[in-house]
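Trainee: Counting from 1, position 12 in the sequence shown corresponds to residue 12 in this note's numbering; the numbering is continuous, with no gaps. Where is the CB? At the ideal position from N, CA and C, for every residue including glycine. Quantities reported herein were computed from a predicted structural model and do not represent experimental measurements.
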Amino acid sequence: MKKSIGRLVSILYRKNQIYLNAALKPLDITAAELPILLHLYNFNHVSQEELSTYLMIDKAATARGVQSLIKKGYIKKEKDPNDRRAYQVYLTESAIAIKHKIYEKLDAWTQYLTEGLDDRSVAIMFDVLDAMVRKVEATDLKEIGRTI
1 MKKSIGRLVS ILYRKNQIYL NAALKPLDIT AAELPILLHL YNFNHVSQEE LSTYLMIDKA
61 ATARGVQSLI KKGYIKKEKD PNDRRAYQVY LTESAIAIKH KIYEKLDAWT QYLTEGLDDR
121 SVAIMFDVLD AMVRKVEATD LKEIGRTI
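Have a look at this one:
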């Protein structure tokens with residue numbers, strides 16, 4: 001049987017979700033909510049639509065994640081002063097206070113996955129994964145799916 005990149009990535013993704021749900025449980029954050037926080041750590045005060053676009057998830061999923069994080073006290077949202085139909089989302093002090101704990105858990109997972117690999121192999125792996133991500137982000141995957 002031929003090796004499948006999709007299968008391997010899928011296994012890593014599922015195991016990553018399991019790890020994150022366990023590791024972040026003391027902070028009351030789920031793996032599904034984490035990407036929202038991570039994006040806000042880099043770009044505070046973004047619209048929900050920007051979140052959906054960046055995270056490549058539908059608006060309903062974004063709204064659910066935002067609502068959950070609001071209930072937990074990690075983010076707030078306000079009407080956009082420039083567009084009264086849109087909301088701006090931003091971090092609370094509670095979210096800022098746990099940022100280092102979240103990044104520690106993410107770093108620990110990366111360390112676990114790369115344990116026993118030499119630095120050159122890890123660098124090559126990241127370069128290859130980055131190249132794959134750039135390729136799929138620049139491609140109309142629906143069209144490719146119909147033609148390949």
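Between Ser-121, Lys-72, Val-133, which has its C-alpha nearest Lys-25's C-alpha?
Mentor: As a working note, residue 25 is residue 25 in the sequence shown. When each option's Cα is compared against that of Lys-25, the closest is Lys-72.
Trainee: Please determine if the stretch 34 to 42 and the stretch 54 to 65 are in contact, where contact requires at least 3 C-beta pairs separated by less than 8 Å.
Mentor: Enough Cβ pairs lie closer than 8 Å, so yes.
Trainee: From which residue to which residue does the beta strand (DSSP E) around Tyr-87 run?
Mentor: As a first step, residue 87 is located in the sequence shown; it is residue number 87 there, counting from the start. Run containing Tyr-87: 83 to 91, per the beta strand (DSSP E) assignment.
Trainee: Give the DSSP-derived three-state secondary structure of Lys-77 in the structure shown.
Mentor: For this step, residue 77 is matched to residue 77 along the sequence shown. Strand, per DSSP.
Trainee: To the nearest angstrom, how far is the alpha carbon of Thr-62 from that of Tyr-87?
Mentor: Residue mapping note: residue 62 aligns to position 62 of the sequence shown, counting from 1. Residue mapping note: residue 87 aligns to position 87 of the sequence shown, counting from 1. Cα to Cα, the separation comes out at about 12 Å.
Trainee: Does Ser-10 come out as helix, strand or coil in the three-state DSSP assignment?
Mentor: One-based indexing of the sequence shown puts residue 10 at position 10. The answer is helix: DSSP assigns Ser-10 an H, G or I state.
Trainee: Given this structure, state the Cα-to-Cα distance separating Ala-31 from Leu-40, to the nearest angstrom.
Mentor: Stepping through the sequence shown from its first residue, residue 31 is reached at position 31. Stepping through the sequence shown from its first residue, residue 40 is reached at position 40. Between Ala-31 and Leu-40, the C-alpha separation is close to 15 Å.
Trainee: Is the CB-CB distance between Asn-44 and Leu-12 below 8 Å?
Mentor: Counting from 1 along the sequence shown, the entry for residue 44 is found at position 44. Counting from 1 along the sequence shown, the entry for residue 12 is found at position 12. Result no, Cβ atoms of Asn-44 and Leu-12 do not sit closer than 8 Å.
Trainee: Nearest by alpha-carbon distance to Pro-81: which of Ile-102, Val-46, Met-132, Lys-105 is it?
Mentor: One-based indexing of the sequence shown puts residue 81 at position 81. Closest by alpha carbon: Val-46.
Trainee: Run through DSSP, which three-state label would Ser-4 get?
Mentor: Residue mapping note: residue 4 aligns to position 4 of the sequence shown, counting from 1. It is coil, neither helix nor strand.
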